[in-house]
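In what follows, a single structure is set out as structure tokens and then discussed.
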Amino acid sequence: MSTVALHDGKRLWEEEGWCILHGLLPADEVRLAQEALPDLFPTAEEFAEDRDPARNLPFRVDSHSVLPAFPFESGVLNRMVLHDKVIDLAQEFLGLTNIRLYQGMVSAKYSDGALDDEQLLHVDYGNHTLVVPRPDLGYQHLELFIYLSDVTAETAATRMVSRRLTTGVPTERTYLSLTEYPDLYAAEVPASGPAGSILAYRPDVYHRGVRMTAPGAARFMLHVSYKPVATDWLGSQAWPGAAEGLAWHRFMQETNVRQLTMLGFPEPGHPYWNEQTLRGVSARYPLLDMAPWRAASSGAGPS
Numbered sequence: 001m002s003t004v005a006l007h008d009g010k011r012l013w014e015e016e017g018w019c020i021l022h023g024l025l026p027a028d029e030v031r032l033a034q035e036a037l038p039d040l041f042p043t044a045e046e047f048a049e050d051r052d053p054a055r056n057l058p059f060r061v062d063s064h065s066v067l068p069a070f071p072f073e074s075g076v077l078n079r080m081v082l083h084d085k086v087i088d089l090a091q092e093f094l095g096l097t098n099i100r101l102y103q104g105m106v107s108a109k110y111s112d113g114a115l116d117d118e119q120l121l122h123v124d125y126g127n128h129t130l131v132v133p134r135p136d137l138g139y140q141h142l143e144l145f146i147y148l149s150d151v152t153a154e155t156a157a158t159r160m161v162s163r164r165l166t167t168g169v170p171t172e173r174t175y176l177s178l179t180e181y182p183d184l185y186a187a188e189v190p191a192s193g194p195a196g197s198i199l200a201y202r203p204d205v206y207h208r209g210v211r212m213t214a215p216g217a218a219r220f221m222l223h224v225s226y227k228p229v230a231t232d233w234l235g236s237q238a239w240p241g242a243a244e245g246l247a248w249h250r251f252m253q254e255t256n257v258r259q260l261t262m263l264g265f266p267e268p269g270h271p272y273w274n275e276q277t278l279r280g281v282s283a284r285y286p287l288l289d290m291a292p293w294r295a296a297s298s299g300a301g302p303s
């Protein structure tokens, strides 16, 4: 699919189930994110030459076993997951301002001896929700792949099937066999795009991962998901579970109100805030600028 504006992308996302958006993220920020990747994964050259067999081994067995999760050691990757442009996109597509980040991971995929992880067509809601997707306002959730390398049909672009073709598939059919649905496999389209592109897709759109056919190649991308607030049946990662880690405390030194609100941190003016909690959170995160929370709670009484 070609470059589309946000409102056109939303229409495609709603009707087709997916779209590719280009040019939302500044090129210099994408480059900085790419520069952080060698600390997490082998480069394409390192993997192809098997310079570090032990580091390469997980990708020869199960690439999903190496999925570094937000908050990352890299502040650049953290900022990409919670980038203003990404939040704007999520709010536009979900039709809400009060939303939450519920997943942030980064993945790598290789050719040249990596696991042949060809998948069946499937929908993702099985590990994103306790129930089934509901597309109405306030219930829909959004999945994003932020490409940190050029993604083509040969470098394992995810294959997507238009929702227009799957209206007759029962909701509970999370996986589709090739023998039963050969027409859908024939209709799949690679979600190709250059580094910096964003694949936005719905949890009820059928898609699948494929093996890489380009020699000496690698594919890197961020997996980012947003949902409406107060949808406890939707989720993937729990941010309080990460809050004791050093990566979290480094993240707290360079975050802002909007980003923290996306994680469920009480926004300025929330009833949670009083003199005791303001003082305690300030002590827990001494480099977090608490001014916005203090200003909004200036009338807070004693605890």
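Position one of the sequence shown corresponds to residue 1 (my numbering), numbered consecutively onward. Don't be surprised by glycine CBs; every beta carbon is placed ideally from N, CA and C. These numbers were taken from a predicted model, which means no experiment stands behind them.
In this structure, HIS122 lies near ARG208, with their beta-carbon atoms less than 8 Å apart. MET262: member of the alpha helix (DSSP H) spanning 257 to 262, first to last residue.
Scanning the region 37 to 117 from its first residue to its last, the whole alpha helix (DSSP H) runs of 4-plus residues come out as 44 to 48, 53 to 61, 75 to 81, 84 to 94. Distance from the CA of GLN253 to the CA of LEU288, rounded to the nearest whole angstrom, comes to 5 Å. Straight-line spacing of the CA atoms in ASP62 and ALA108 works out to 11 Å. Sorting TYR185, ASP204, THR166, ASN98 by C-alpha distance to the C-alpha of THR231 places ASN98 at the top. Taking a cut-off of 8 Å for Cβ pairs, the region 9 to 22 and the region 193 to 209 touch, as three or more such pairs fall below it. The criterion of a C-beta distance shorter than 8 Å is not satisfied by SER111 and GLY196.
As far as DSSP is concerned, ALA295 takes part in no beta bridge. Rounded to the nearest whole angstrom, the CA to CA distance from VAL161 to GLN276 is 53 Å. Of the candidates PRO228, LEU32, GLY264, GLU29, PRO228 places its Cα closest to the Cα of ASP136.
Residues of the same chain with a CB within less than 6 Å of the CB of GLY104, apart from the 5 flanking positions on each side, are PHE70, VAL81, VAL224 in chain order. Between ASN78 and PHE251, the beta carbon gap of about 5 Å places them in contact (Cβ cut-off 8 Å). Shown here, PRO271 sits in coil according to DSSP, grouped into three states, outside any helix or strand. Nearest to ASP28 by C-alpha distance, out of ASP52, LEU148, TRP18, PHE47, is LEU148. A straight line joining the alpha-carbon of ALA247 with that of TRP293 spans about 23 Å. A distance below 8 Å separates the beta carbons of TRP273 and SER297. A straight-line Cα-Cα distance of about 18 Å links ALA283 and ALA242. By the Cβ neighbour-count rule, TYR175 is exposed, with fewer than 16 other Cβ atoms within 10 Å of its own. Per DSSP, TYR185 lies in no beta strand (DSSP E) segment; the continuous alpha helix (DSSP H) that holds it begins and ends at 182 to 186.
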